[in-house]
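Residue numbers (our numbering): 18 to 145.
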């Protein structure tokens with residue numbers, strides 16, 4: 018069922034279908050995406066950094082990073098294009114987290130007791 022929502026960008030009321038934005042904001046966002054995508058597709062711009070792309074397209078860095086994190090723009094083939102890891106803010110070229118943060122999370126998850134371990138231990142009672 019369709020529902021009425023306020024657009025998170027402009028606050029206008031719209032009927033939410035498949036996207037979380039009103040048509041005007043969606044078109045604006047798509048125009049920004051197209052600017053960035055066409056800019057980095059050009060051979061002479063493949064050495065550009067995030068800051069240079071932002072300066073030359075007028076699209077905010079946060080929006081460019083959002084496009085990357087959505088998977089709409091691939092930057093692994095651009096040698097000088099880095100953005101921040103979501104946890105530690107170190108420069109990265111792909112994904113949402115740097116390798117160090119991924120390893121930290123993996124280690125933490127591996128060392129946590131799991132439900133299987135609790136089942137093996139069975140019930141325990143503590144005497145005071």
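For each residue, glycine too, the CB sits at the ideal point set by N, CA and C.
Here the structure is a predicted model, which is why all the values come from computation and not from measurement.
If the five residues before and after residue 126 are omitted, its C-beta is found closer than 8 Å to no C-beta atom of its own chain. Distances from the alpha-carbon of residue 73 to those of 96, 87, 56, 112 put 56 closest. Nearest C-alpha to residue 93 among 107, 101, 75, 112: 112. Closest by C-alpha distance to residue 104, out of 21, 97, 117, 96, is 117. Taking C-alpha positions only, residue 48 is separated from residue 79 by approximately 15 Å. Taking C-beta separations shorter than 8 Å and ignoring five residues to either side along the sequence, the partners of residue 98 in its chain run 57, 65, 66, 67, 70, 92, 110, following chain order. In the structure shown, residue 56 falls within a helical segment according to DSSP collapsed to helix, strand and coil.
C-alpha of residue 62 to C-alpha of residue 54: approximately 11 Å in a straight line. Leaving aside the five residues that flank residue 26 on each side, the residues in its chain whose CB is nearer than 7 Å to its CB run, in chain order, 38, 42.
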